[in-house]
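Per the numbering used here, the sequence shown starts with residue 49, numbered consecutively. Glycine included, C-beta positions come from ideal geometry on N, C-alpha and C. A quick note: this is a predicted structure, and the numbers were derived from the prediction, not measured. Read the structure below first, then the notes.
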Amino acid sequence: MTVTRPAKGFFLTLAALYFAQALPVSMLGKAMPALAREAGLSTQWIGFLALPAIPWALKFIWAPWVDRWGSGRPNHRKRWVQVCLLAVIAVLGVVAMFPREWLLGPGFVVLLGLLFLLNFFSATQDIATDGLATRLLTPEWRGLGNSIQVNGYKIGMMAGSSALLILVDLWGWHSTVALVIAAMMLVLVQVTRFQEPAEPVSHQQREPVSLSWWWRELTRFWLRPGLLLWLLILLFYKVGDSFGTRMINPYLVDTGWSLSAIGTLELFASLMGLAGAALAGLIMVRVHRRRVLVAFALLQALSFVAWAWLASADNSVPATQVWLVALFEQFADGLSTVALFVVMMDYCRSSHEGSDYTMQASVRLFAAGLFTLLSGFSAAWMGYALHFLLAGLLSAAIIPVILIWKPPAS
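Listed below in structure tokens is the structure:
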């Protein structure tokens, strides 16, 4: 059997694109909470840093238009990606104009607005990137593609969280943001070099664009039988992770960790996440989808129980224990993330890959964003120990649903 290899340079472009998408997400979810806590913001205000991530949950609304406008021509989705990257670079340029102390103080609302724009353009880029990846990755290359996707994303998370915290401590705010802009420009150069082949125009893509067309595009995916249990899994599989992770860095700041120490920890923990993501790709080839999702959800739950155990002690917890728990938590996150993404791809219909994947991702991110928004209040009201314990319980709560769920034919 002849296996069709993706276009030349596709895998490098794929890794670069997911790296670029992760930068603003990691700045929002990892670096900013630590910087905000160091600046004296309360955990309640830090929880509001989840608000600018709303576009990631709502991107399904404009996903059909990203798939439709420019379809049938070469470089259809590449053009969308280029425009979004230019917009992200412009927003980062505005962010670099303001002092960090002002953004995390009197200008906090301005920061939220800029982060919203950053996430809007990154989420739109994600629609085009997911559609490009799902269309060009044949089943034979899907495992490698998912590993590259998650690893590229996690490397971007490392750059936007661990490296950013370290560099802000060493170089200052403006120089660090300028370096992020330079990295995004390099991604833009790689995307420009890649040539996306034209895709055939389907019958549904010839339908007149209207409100009813848009509604049909959004609902056709969910009208298939057997999707109710999968919807529940999408909603709740990663909420415990999002709920717990947001408060890890504020907890470390409150226990006396410096930004550079947190950044170093994040860096090595993210490397463990890369290892988990790579291992998950191999496991998914050999083990039934249901067993994998259950096992990885359990590991994710145990990791936050471990964080709760650390937080229940006094502030003199040995750094070695913190490192072990952080490494284990990120390893479990890498495993569970790849497992969920592979099954999401299994559910995508032919000729609707971009919209189908985006809708599933939006459902997942909507639930994760809601619980992340509440995380600051939870930590303030219950304390870090009970907050992390609740995150572990949320991670395990979906397991009974997975046990009665029937995976799709892949």
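Residue nearest to M392 within the set L341, A380, I446, F419 is L341 (criterion: CA-CA distance). DSSP assignment within the region 150-200 yields the following whole alpha helix (DSSP H) runs of 4 residues or more, N-terminal first: 156-184. Cβ neighbours of L300 within its own chain (closer than 6 Å, five residues either side excluded): I310. Judged by pairs of C-beta atoms under 8 Å, the region 141-160 does not touch the region 196-209, as fewer than three such pairs exist. For A138, the number of other beta carbons within 10 angstroms of its own is below 16, and it is reported as exposed. Excluding its 5 nearest sequence neighbours in each direction, P455 has C-beta neighbours in its own chain below 8 Å: H336, R337, R338, V391, D394, listed in chain order. One alpha carbon belongs to G329, the other to A387, and they sit about 8 Å apart. Beta-carbon to beta-carbon, V129 and Q197 are separated by about 14 Å, too far to satisfy the 8 Å threshold. Cβ atoms of V353 and G440 come within 8 Å of each other, at about 4 Å. Straight across, the Cα-Cα distance linking W278 with L106 is about 19 Å. Contact annotation: T61 and A427 have beta-carbon atoms that are not nearer than 7 Å. Pairing M232 with S170, the inter-Cα distance amounts to about 11 Å.
If you compare the alpha carbons of L140, R183, R116, L383 with that of S318, the shortest gap goes to L383.
The Cβ neighbour count for Q369, taken over all protein chains shown within 10 Å, is under 16; the residue is labelled exposed. Inter-residue distance for V158 and P100 is about 11 Å (C-alpha atoms, whole angstroms).
Membership of C132 in the alpha helix (DSSP H) is indicated by the continuous run 124-145. In this structure, the alpha-carbon of L266 lies about 18 Å from that of L280. Contact between T182 and Y432 is absent: CB atoms are separated by about 39 Å, not below the 8 Å threshold. The three-state secondary structure of M206, taken from DSSP, is helix.
Taking C-beta separations shorter than 8 Å and ignoring five residues to either side along the sequence, the partners of V365 in its chain run T303, L358, following chain order. Burial check for Q243: the Cβ neighbour count within 10 Å stays below 16, so the residue is exposed.
H336 sits in coil when the DSSP states are folded into three classes, being neither helix nor strand.
For M392, the enclosing alpha helix (DSSP H) begins and ends at 367-394. L151 and L165 have their alpha carbons spaced roughly 15 Å apart.
Around the beta carbon of L213, a 10 Å sphere encloses 16 or more other beta carbons of the protein chains shown; the residue is thus reported as buried. The three-state reading of DSSP puts M232 in helix, counting H, G and I together.
Collapsing the DSSP output to three states places A68 in a helix. Judged by beta-carbon spacing, I447 lies beyond the 7 Å limit of A343, meaning their Cβ atoms are not closer than that value.
No Cβ-Cβ contact shorter than 7 Å links S403 with D178. In this structure, the beta-carbon distance from G95 to L421 falls below 7 Å. The DSSP-derived three-state label of L271 is coil. Distance check between A415 and each of T312, L282, L438 places L282 closest, using alpha-carbon atoms only. For the pair F379 and I203, the CB atoms are not nearer than the 7 Å cut-off.
When the beta-carbon positions are compared, T224 and L215 come within less than 7 Å of each other. With respect to Y201, A70 sits close: the two C-beta atoms are nearer than 7 Å.
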